[in-house]
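What follows is one structure encoded as structure tokens, with my remarks underneath.
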Amino acid sequence: MKLANLLMDRRINIDLKAHTKEEAVLELLDMIKAEGLSLDYDEILRSIQERDEVESTSYGHGFAFPHSRTNAVSELYILIGISKNGLCDKTPDNIPLHAVCLLLTPSTIAKLYLQTLAGLASFARMEGTLDVLHTVRNSLDLIKYISDTNVMVDKELMVKDVMRHNVVSVKPDDTLKEVANQMFRNRLSALAVVDQNNKLLGAISDRDLIKAALPDYKTLISNLNYSMDIEPFEELLKREDKIKVSQLYRDDYEVTTPNTRIVEVAAMMIFKDITRVFVTSEDNLVGILLRKDIVNMIIRG
């Protein structure tokens, strides 16, 4: 089913007057009120705000997806607001917020809600989307444009719907210092290792860095009184600009494809007790799926 088939022109506002995302949510809720629908709007708003307090629903690319799963509604509502001038809210990529897509769904409906959210995110990532939002003349124009993009609401949630598309990576000739800086800067415990053509070669983790400092860690564990002639971490720091990724990275990593069912990968992650799976297309790195992202999107919403 096309994403556009779920949209209603009366629930799209292409000229928001709001200055912030919070004001935009109120303006979008007013469209439902104008339909004469008797809903517990206080409870709906509380639920939306509660979700945003857990983690900002500003997605990047100029989009935000405030949403609520609440028993205050009995069906899925999709409301879209466009701000031509941009909202004042902080965004993860510093691109001004121009589109607010509000999703309301009953607590008992999970599948369609997740698929719709994934479809809207796919639309947001498309090149040129923001330019179109500035030029649409009415809500029907926007629905037609979304229809022409052929963004689908899949029957099942796929890896591409949950994975991170921007993957931090390093190359074999990069140094240990560069790896450590990337891990610290991006708050990551592992990085993909790719060649010049973005072909996935392996992975390097914080564990690999520590092992580089403690090559005799098994001896140390078996004999805690084992004496070392040098301080291992100090010695590692002295060589951080000389040790290359090629000396440390591992090629025993797990991969999947964007169109694999999320349930299959989740089951594999549990069975193998792993926290990340790299996503490839024709051996090229296109994303990464983290176990915590499955929890964040599917379980927490």
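Per the working numbering, the very first residue in the sequence shown carries number 724; after that it's consecutive. Each residue gets a CB set at the ideal place from its N, CA and C atoms; glycine is no exception.
According to DSSP, residues forming a beta bridge with residue 811 | DSSP output for residue 811 lists no bridge partner at all.
Between the CA atoms of residue 751 and residue 799 - distance to the nearest angstrom = 14 Å
Classify residue 972 as helix, strand or coil using the three-state DSSP reduction.
-> coil
Length-filtered (4 minimum) alpha helix (DSSP H) runs lying within the segment 761-819 | 764-777
Since residue 917 sits in a beta bridge, which residues does DSSP pair it with?
-> 923
Where do the ends of the alpha helix (DSSP H) carrying residue 852 lie?
-> 852-858
Specify, as a first and last residue, the run of the alpha helix (DSSP H) that residue 862 falls within.
-> 862-871
What span of residues does the beta strand (DSSP E) with residue 1008 cover, start to end?
-> 1007-1013 is the span of the beta strand (DSSP E), which, as asked, contains residue 1008.
Roughly how many angstroms separate the alpha carbons of residue 906 and residue 986, rounded to a whole number?
-> A straight-line Cα-Cα distance of about 28 Å links residue 906 and residue 986.
Excluding sequence positions up to five away, which residues of its chain have a Cβ less than 6 Å from the Cβ of residue 868?
-> 855
Figure out for me which residue from 730, 814, 829 has the closest Cα to the Cα of residue 767.
-> 829
Check whether the segment 881-890 touches the segment 1007-1015, taking contact to mean three or more Cβ pairs, one atom from each stretch, closer than 8 Å.
-> yes
So, helix, strand or coil for residue 728, using DSSP?
-> helix
What's the C-alpha gap between residue 763 and residue 865?
-> 29 Å
Residues near residue 1003 by beta carbon distance below 6 Å, same chain, minus five either side = 923, 978
Exposed or buried, which one is residue 933 when buried takes at least 16 other CB atoms within 10 Å?
-> exposed
Residues in its own chain within less than 6 Å of residue 844 by CB, not counting five upstream and five downstream?
-> Counting only Cβ-Cβ distances below 6 Å, and skipping sequence neighbours, we find nothing.
Residue burial classification, residue 994 (beta-carbon count within 10 angstroms, cutoff 16) = exposed
The segment 964-973 / the segment 924-931 touching (three or more Cβ pairs under 8 Å) = In short, these stretches touch, since the Cβ pair count reaches three.
Is DSSP giving residue 874 helix, strand or coil here?
-> DSSP, read as helix, strand or coil, puts residue 874 in coil.
List the residues that DSSP assigns as beta-bridge partners of residue 928.
-> 913
Test item: CB-CB of residue 839 and residue 801 under 8 Å | yes
Among residues of its own chain, excluding the 5 on either side of residue 921, which ones have a beta-carbon nearer than 6 Å to its beta-carbon?
-> Here the set comprises 1007, 1008.
Whose C-beta lies closer than 6 Å to the C-beta of residue 837 among residues of the same chain, with five residues either side of it excluded?
-> Here the set comprises 880.
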